[in-house]
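Per UniProt numbering, the very first residue in the sequence shown carries number 1; after that it's consecutive.
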Amino acid sequence: MAELKLAPDELRRLRSLGIAIKTRLKIGQARITGGIVNGIHERWRRTELVKIVCEDLCRLNMKRTHDLLERKTVGLVIWRAGSIIILYREADYKYPYFFC
């Protein structure tokens, strides 16, 4: 999907930046919850990429995890290998304000 929306040079640049990211957001046994989605949006306030490490059940079905992340965050998965996903917020991203 990312190949269809981004230019090849931009995709290559984002992938190399994403692979170099050291901080990771872990998705554990609770799967993709509202807290995980809020954490992704908070990281997107500072940077355009988030590196996510999947553990437990999310690791077993990475295609489903990929689809859920794209749907719930309105982001774009630009790289997926093993249990690691790199998620990109698009250029026209606006931070959603959550109310308790």
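Built from N, CA and C at the ideal position, the CB exists for glycine as well.
Nearest-angstrom beta carbon gap, residue j and residue i [assumed within contact, 8 Å]
| i | j | result |
| --- | --- | --- |
| D78 | I86 | Residue identity differs from the one stated: residue 78 is Ile in this sequence, not Asp. Sure, about 5 Å apart at Cβ, within 8 Å. |
Where residue i falls: helix, strand or coil (DSSP)
| i | result |
| --- | --- |
| R80 | strand |
| A2 | helix |
Own chain partners of residue i with C-beta closer than 7 Å, once the 5 adjacent residues on each side are dropped
| i | result |
| --- | --- |
| G28 | E55 and D56 |
| R45 | Y95 |
| A2 | L11, L76, V77 and I78 |
| G82 | none |
Cutoff 8 Å; reference residue i; Cβ partners in own chain excluding five residues on either side
| i | result |
| --- | --- |
| I52 | R24, L25, K26, I27, I40, L69, I84, I85, I86 and L87 |
| L17 | L49 |
Backbone CA spacing between residue i and residue j [nearest angstrom]
| i | j | result |
| --- | --- | --- |
| V74 | R89 | 8 Å |
| D92 | E48 | 11 Å |
| W31 | V37 | This sequence places Arg at residue 31; Trp is not what is there. Near 11 Å, if we compare the C-alpha coordinates of V37 and R31. |
| R43 | D67 | 20 Å |
| C100 | R71 | Model confidence at C100 stands at a pLDDT of 48, short of 50, so the residue's coordinates are unreliable and nothing is read from them. |
| R80 | Y97 | 28 Å |
| A7 | R13 | 10 Å |
| T33 | L60 | 17 Å |
| G35 | T65 | 15 Å |
- Message: My parser needs the beta strand (DSSP E) runs of 3 or more residues fully inside the UniProt domain "CRM" (4-100); what are they?
- Response: Complete beta strand (DSSP E) runs here, min 3: 25-27, 49-54, 76-81 and 84-88.
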